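Number of protein chains: 2
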Amino acid sequence: MKTGIPVEQAHQIVMAEASPLPSEIVDASAALGRVLAEPVDSGRTLPPADCSAMDGYAVRGEELAGPGPHLLPVVYEVAAGGSGERPLAPGEAARIFTGAPVPPGADTVVRQEDTEEEGDRVGILIEPRRGENVRLAGEDVEAGDTVLARGVRIGAPEIGMLASLGRTLVHVHRRPRVAVVSGGNELVEPDRDASGGRIVSSNAYSLSAQCTLAGAEPTNLGIARDTPEDLERVFRAGLSSDLIVSSAGVSVGDHDHVRPVLEKLGCELRFWGVLMKPGYPLAFGRIGAAGPWVFGLPGNPVSAMVTFEQFVRPMLLRMAGFGACYRPVLEATLAERLTKKPGRLHFVRVHLKREGREWSATSTGTQSSGVLRSMTLAQGLLVFPAEATELAAGARISVQVLDEELFRETEPCV
Amino acid sequence: MKTGIPVEQAHQIVMAEASPLPSEIVDASAALGRVLAEPVDSGRTLPPADCSAMDGYAVRGEELAGPGPHLLPVVYEVAAGGSGERPLAPGEAARIFTGAPVPPGADTVVRQEDTEEEGDRVGILIEPRRGENVRLAGEDVEAGDTVLARGVRIGAPEIGMLASLGRTLVHVHRRPRVAVVSGGNELVEPDRDASGGRIVSSNAYSLSAQCTLAGAEPTNLGIARDTPEDLERVFRAGLSSDLIVSSAGVSVGDHDHVRPVLEKLGCELRFWGVLMKPGYPLAFGRIGAAGPWVFGLPGNPVSAMVTFEQFVRPMLLRMAGFGACYRPVLEATLAERLTKKPGRLHFVRVHLKREGREWSATSTGTQSSGVLRSMTLAQGLLVFPAEATELAAGARISVQVLDEELFRETEPCV
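Chains as they are written, first to last, in our numbering: chain R, 53 to 466; chain A, 53 to 466.
The following block contains the structure:
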């Protein structure tokens, strides 16, 4: 087991172990936001036949050269879902509606707005381009095409495409199941009396929310008392999950029974301690050769969230099949001078503000790892490199963007 | 009713009618992603007392000036959730664990790593800064503070904060309920036989997904046949929703019974027809003075999705309480020349590619409004202004970003 390793190395160790989970079959409507675990081939041609893109008149385009209006008899009408009674003969027109198949003989549709009805005849007021307003069979999809590739994230267009293909069931990567474990004699659930030195087990709730936002399915297994027996009970309850996130604290304290319990359960720790702040006392390992991965996160609320962001979130996204597993990174201008001791990389909670095309970053104030409120105020985490001791006001810095809606606009661009 | 209006004007008309829905009380865990409809005040001080941020020894900081090691008797220990037996007397130390209250008399915690145990005494190896490793009562939250403002979107830190405050129930803006209506004799559901000119009702599925992604709750009311009676039946089923999205087609065709049906139900149309492509035949109105808003979207798959993006999505986000209701907009470099006729604003489906700090945009190919596949390939919609007829290769253009994960990174920034 490695101890006190740099953030880069911890990333490598974690992500080397992360791979997409096997697939499951879900209803297409439940697949929104999931990642395809199969290529989707089309068994259909879409549209299945040449059809009208407009309400109007189907005509033989070649007959309408030169200045109009051309007056043609309307011999029948074709609605969507219907069909032409017979091939269109020279000199004839057919009333046609959006989505209806273009009758044999016709090759062009003139929009209703460009015509004039005259009894049972129609006056064509324009010289149409041949093939105009006709959607050709296979324009969207040819039978046999691979329409959606494996690894595609299913958004709204993919949902519509699956429906068009008649695919109501689809193979997607399974979502990681995460057991969330808390430990400590002082902890109580949020609905209980928190007086007299008791502390609300808030980490289980923020970490569960982080799991959900990373596409995982959290189960909150509750609070273990700080005894080997109770910790073992709770960790055993998490053995059927893909990953266990514990904020039971993996630290140096006498009261910390987590490590021996994990060892008893066959957990091999890959590392303990990462050169970062907040969040040094972070442990990562696996129970057995095929059991759940285990992250022992620090107990302070901010440390727990920041270490989750750095390591657990990308691993969960990779397990769910995503390619891009890391938060957006902005280059921003630092609005104030920051200093620290060398040795650990600091993730500084910052406000982000857009000024034209540039972003500026300002610390949210106290960087104490107990101040959860600073996380509610932060849009991003500034990366203050391990060996650096000073970032000058005006410096160009990298910021991980935590606030997914930061880039949304308050005004329409049109 | 206005007809053939510019996109800007249609935006103004729609958004002038959009306001946040009333609040509802939900479980805090169900509030993730919702918008707070109340300010959250704290009834608690957090932490409730001065407490240790580390495992170590509580001491009187003033006694440890000058070079150590200082050897102090360890008179008792305080675990998290516990309390000191008595005030710490001069010259004494107490073993203390993370989260435990600092005993009266002590003001500083020395980390375990900076000490040496010697029987029932501890050697302090450093000269601590007074107050070090102590989290002061109220450092995070003072009782009476407004911790979260009305209008805040509830993310993971807010979930943790609500838990810390013992708030397991919270007022959030209600999510808009959307009735999704399709119409057409040719339409069948995706699990039915789609041969012989029948077309799958895919719009109901892509539009429902778009609703979900905009924080709304869609209900798919199914397909109405193209008769006044059946359309009325389906629209009536949507009267209890906040908004009806119809892709039954509001066009000029004889077969279009939607408008008379809407009028019969008391719908006043605010506009019909927007100078855009795809998507001209778009209608917007309201049934009665307090009934649902109605969007009559065009029937072509791409037109339905693009008009939803421009008008329905921002309205739904505003109804759900969001401030930033529009997609991110990128300035990008156009990779190829585009041309069009003047008069309508075009939303051109484009690929987006990042090159260093710059983005380039390329058309996804055919811009036919029937080619749904182009939407699965597009990361954004390029804005080709109404009166422009040409955009040169290399031009700087604005692109609405449809792909929410476009900004995510494939590699860690550390």
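All C-beta atoms, glycine included, are put in the ideal place defined by N, C-alpha and C. Treat the numbers as computed from the prediction; the structure is a model and nothing was measured.
Taking all protein chains shown into account, P91 (chain R) has fewer than 16 neighbouring C-beta atoms within 10 Å of its C-beta and is therefore exposed.
Beta-bridge annotation (DSSP): H122 (chain A) is paired with A:I176. When A:F399, A:V111, A:E269 and A:G235 are compared, the shortest CA-CA separation from V162 (chain A) is found for A:V111. Considering only R:D294, R:V402 and R:N255, the residue with the shortest C-alpha distance to V230 (chain R) is R:D294. As for any beta strand (DSSP E) of minimum length 3 sitting wholly inside the region 351–385 of chain A, there is none.
Residues of the same chain with a CB within less than 6 Å of the CB of M328 (chain A), apart from the 5 flanking positions on each side, are V59, R396 and L397 in chain order. Look at G408 (chain A) here: in three-state DSSP terms it is coil, with no helix or strand label. Nearest to R86 (chain R) by C-alpha distance, out of R:P280, R:V310 and R:G203, is R:G203. Rounded to whole angstroms, the gap between the alpha carbons of T279 (chain R) and A384 (chain A) is 58 Å.
Around the Cβ of L123 (chain R), a 10 Å sphere holds fewer than 16 other Cβ atoms; the residue is exposed. Per DSSP, E60 (chain A) lies in no beta strand (DSSP E) segment; the continuous alpha helix (DSSP H) that holds it begins and ends at V59 to A68. At least one CB of chain R lies nearer than 8 Å to the CB of A261 (chain A).
Not flagged as an interface residue toward chain A: S71 (chain R), since no C-beta distance is shorter than 8 Å.
Between the region 129–142 of chain A and the region 251–268 of chain A there are fewer than three C-beta pairs closer than 8 Å, too few to call the two in contact. S450 (chain A) places its beta carbon 8 Å or farther from that of V364 (chain A). Proximity of chain R to I449 (chain A) at the Cβ level (cut-off 7 Å) is not reached, the minimal Cβ distance being about 11 Å. In the DSSP assignment, Y257 (chain A) falls within the alpha helix (DSSP H) that extends over N255 to L265.
Nearest CB-CB separation between C465 (chain R) and chain A: below the 8 Å threshold. Approximately 23 Å separates the beta-carbon atoms of A268 (chain A) and P333 (chain A); this is outside 8 Å, ruling out the contact. Counting along the chain, the unbroken beta strand (DSSP E) around A276 (chain R) starts and ends at E269 to A276. Taking T462 (chain R) as reference, the option from A:Q419, A:R370 and A:V400 with the minimal CA-CA separation is A:R370.
Cβ atoms of E320 (chain A) and G337 (chain A) come within 8 Å of each other, at about 5 Å.
Residue pairing of E442 (chain A) in beta bridges, as defined by DSSP: A:T391. Proximity of chain R to Y378 (chain A) at the Cβ level (cut-off 9 Å) is accounted for by R460, E461, T462, E463, P464 and C465, in chain order. For D243 (chain A), the neighbours in chain R by C-beta distance under 9 Å run, in chain order, G218 and T220.
Its Cα nearest to that of G331 (chain A), the residue A:S299 stands out among A:D308, A:S299 and A:V313.
When the five nearest sequence neighbours on each side are left out, the beta carbons in the same chain lying within less than 6 Å of the beta carbon of L429 (chain A) are those of T416, in order along the chain. Nearest CB-CB separation between G235 (chain R) and chain A: not below the 8 Å threshold. Measuring C-alpha to C-alpha distances from G95 (chain R) to each of A:E407, A:S260, A:L273 and A:D245 identifies A:D245 as the nearest. Straight across, the Cα-Cα distance linking T271 (chain R) with A289 (chain R) is about 10 Å.
Bounds of the alpha helix (DSSP H) holding F287 (chain R) are P280 to A289. Ranked by Cα distance from M367 (chain A), the first of A:K54, A:E69 and A:I57 is A:E69. Chain R has a Cβ within less than 8 Å of the Cβ of D192 (chain A). Close to G133 (chain A), with beta-carbon spacing below 8 Å, are these residues of chain R in chain order: G236, N237, E238, L239, G249, R250 and I251. H223 (chain A) has a beta carbon lying at 8 Å or more from every beta carbon in chain R.
By a beta-carbon distance limit of 8 Å, R389 (chain R) contacts A445 (chain R). Their separation comes to about 5 Å.
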